[in-house]
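J.:
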Amino acid sequence: MANEAVLKIETHLPINFTCSTTATIEKGAICQMTSPMTAVLGETIDGVVAGIAQSEKLAADTTQTSIAIFRGGVFKVLVSGSASAGDPVSMSGTANTVYKSSVNVENVVGYMMEDATNGQTKLMELRPTTMSLA
Numbered sequence: 422m423a424n425e426a427v428l429k430i431e432t433h434l435p436i437n438f439t440c441s442t443t444a445t446i447e448k449g450a451i452c453q454m455t456s457p458m459t460a461v462l463g464e465t466i467d468g469v470v471a472g473i474a475q476s477e478k479l480a481a482d483t484t485q486t487s488i489a490i491f492r493g494g495v496f497k498v499l500v501s502g503s504a505s506a507g508d509p510v511s512m513s514g515t516a517n518t519v520y521k522s523s524v525n526v527e528n529v530v531g532y533m534m535e536d537a538t539n540g541q542t543k544l545m546e547l548r549p550t551t552m553s554l555a
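Laid out in structure tokens, this is it:
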């Protein structure tokens, strides 16, 4: 898979989320959360974040109904645009890519631990957060 997030420091154990039996979610994929506590590939800009896939789930394995998801840790991630250390980042709308959160974005993937420019892979603390700013 292209641009997968790579675990550098494990601070939390992964937890199981439900997933579709026909979905393929690769290890290191940034996942979005739907109800009820279901992980899908995170390709929606500013979507609600489930976390990062700890293991792979193949569509060919139609008996697997859950996937382990990290909700904490330090990961190397691909950055779209520029971001500075401490900036909150969100899903960019491109699979496995984050961008510096716009003002009033409610869904955050985590916080940058290094300065980054477009296309760089840098350290991010995974800390999925959703807040109501309305």
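Residues in the sequence shown are numbered from 422 upward in steps of one, following this note's numbering. For every residue, glycine included, the Cβ atom is placed at its ideal position computed from N, Cα and C.
(1) Could you say if the region 436–448 and the region 476–488 meet the contact criterion of at least three C-beta pairs nearer than 8 Å?
(2) Taking DSSP as the reference, what is the three-state secondary structure of LEU479?
(3) Could you check the C-alpha separation between GLY472 and VAL510 for me, to the nearest Å?
(4) Out of curiosity, what's the CA-to-CA distance linking THR542 and GLY502?
(5) List the DSSP bridge partners of SER511.
(6) Going by Cα to Cα distance, which pick from GLY514, ILE451, PRO457, VAL495 is closest to TYR532?
(7) Taking its Cβ as the centre, do 16 or more other Cβ atoms sit within 10 Å of VAL524, making it buried, or is it exposed?
(8) If you measure between the beta carbons of ALA480 and THR455, is that distance less than 7 Å?
(9) Roughly how many angstroms separate the alpha carbons of MET458 and GLY507, rounded to a whole number?
(10) Which one of ALA460, THR551, VAL427 has the shortest CA to CA distance from SER414?
(11) Give every residue of the same chain whose Cβ lies closer than 6 Å to the Cβ of SER476, excluding the five residues on either side of it in the sequence, and list them in chain order.
(12) Within 10 angstroms of the Cβ of ILE446, are there 16 or more other Cβ atoms? Answer buried if so, exposed if not.
T.: Looking at the coordinates:
(1) yes
(2) coil
(3) If you take the alpha carbons of GLY472 and VAL510, they lie about 13 Å apart.
(4) 11 Å
(5) TYR520
(6) VAL495
(7) exposed
(8) no
(9) Going from the Cα of MET458 to the Cα of GLY507 covers about 28 Å.
(10) This structure does not reach residue 414, given that the chain is present from 422 up to 555, and the question cannot be answered.
(11) LYS448, ALA489
(12) buried
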